[in-house]
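Numbering of the sequence shown is given in our numbering, commencing with residue 3 and proceeding in unit increments.
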Amino acid sequence: MGRKSRAELLYEEVKEDYEEETGSWIVIYDFPRMKAHSNFWDNVHRVNTLVGEGSLIQNSVYMTPSKRGAVTILKLARHYGAETFMYRAEVMDIE
Numbered sequence: 003m004g005r006k007s008r009a010e011l012l013y014e015e016v017k018e019d020y021e022e023e024t025g026s027w028i029v030i031y032d033f034p035r036m037k038a039h040s041n042f043w044d045n046v047h048r049v050n051t052l053v054g055e056g057s058l059i060q061n062s063v064y065m066t067p068s069k070r071g072a073v074t075i076l077k078l079a080r081h082y083g084a085e086t087f088m089y090r091a092e093v094m095d096i097e
């Protein structure tokens with residue numbers, strides 16, 4: 003068995019520290035004056051697999067119904083040097 007990825011390590015840490023809350027969680031991150039490391043994107047996809055749901059709305063915005071997933075993405079982005087914000091949102095269908 004190989005080493006665990008950064009995503010797996012952070013998800014396990016978050017799982018111990020945070021209760022799961024479902025809702026709409028949005029994480030916004032920015033890598034000022036630098037490009038995001040390719041390992042960051044690999045780990046974002048790993049978090050999607052661990053959480054089961056979540057998606058990139060655009061390159062710097064991630065949305066998931068899992069608080070643990072959102073906190074994992076937040077910590078992952080910070081690990082790679084990003085400035086971050088996390089919000090709980092209400093999804094509204096307006097016709």
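Each residue gets a CB set at the ideal place from its N, CA and C atoms; glycine is no exception. Computed from a predicted model, the values in this text were never measured in an experiment.
| said: Contact between the region 27-47 and the region 67-81 is defined here as three or more beta-carbon pairs at a separation below 8 angstroms; is this criterion met? | reply: In short, these stretches touch, since the Cβ pair count reaches three.
| said: Give me, in chain order, the residues of the same chain whose beta-carbon lies closer than 8 angstroms to that of Glu22; leave out the 5 immediate sequence neighbours on both sides. | reply: Looking up residue 22 in the sequence shown gives position 20. Excluding residues within five positions, the ones whose Cβ falls inside 8 angstroms are Ser68, Lys69, Arg70.
| task | Starting from Asp95, follow the alpha helix (DSSP H) in both directions and report where the run begins and ends. | result | Counted from its first residue, the sequence shown places residue 95 at position 93. That residue, Asp95, is in no alpha helix (DSSP H); it is neither H nor E in DSSP.
| Asn41 versus Thr24 - alpha carbon distance | Residue numbering aside, residue 41 sits at position 39 when the sequence shown is read from its first letter. Residue numbering aside, residue 24 sits at position 22 when the sequence shown is read from its first letter. Distance from the CA of Asn41 to the CA of Thr24, rounded to the nearest whole angstrom, comes to 27 angstroms.
| message | What does DSSP give as the partner residue(s) for Tyr31 in the beta ladder? | response | Indexing the sequence shown from 1 puts residue 31 at position 29. In the DSSP assignment, Tyr31 forms a beta bridge with Thr86.
| request: Helix, strand or coil for Ser62, going by three-state DSSP, please let me know. | output: Taking the sequence shown and counting its residues from 1, the one referred to as residue 62 is at position 60. Three-state result, Ser62: coil.
| message | In this structure, how does DSSP classify Gly25 when only helix, strand and coil are distinguished? | response | On the sequence shown, position 23 is the one that residue 25 refers to. Reduced to three states, the DSSP call for Gly25 is strand.
| Going by the CB atoms, is the gap between His39 and Tyr82 shorter than 7 angstroms? | As a working mapping, residue 82 is identified with position 80 in the sequence shown. As a working mapping, residue 39 is identified with position 37 in the sequence shown. Contact flag set, yes.
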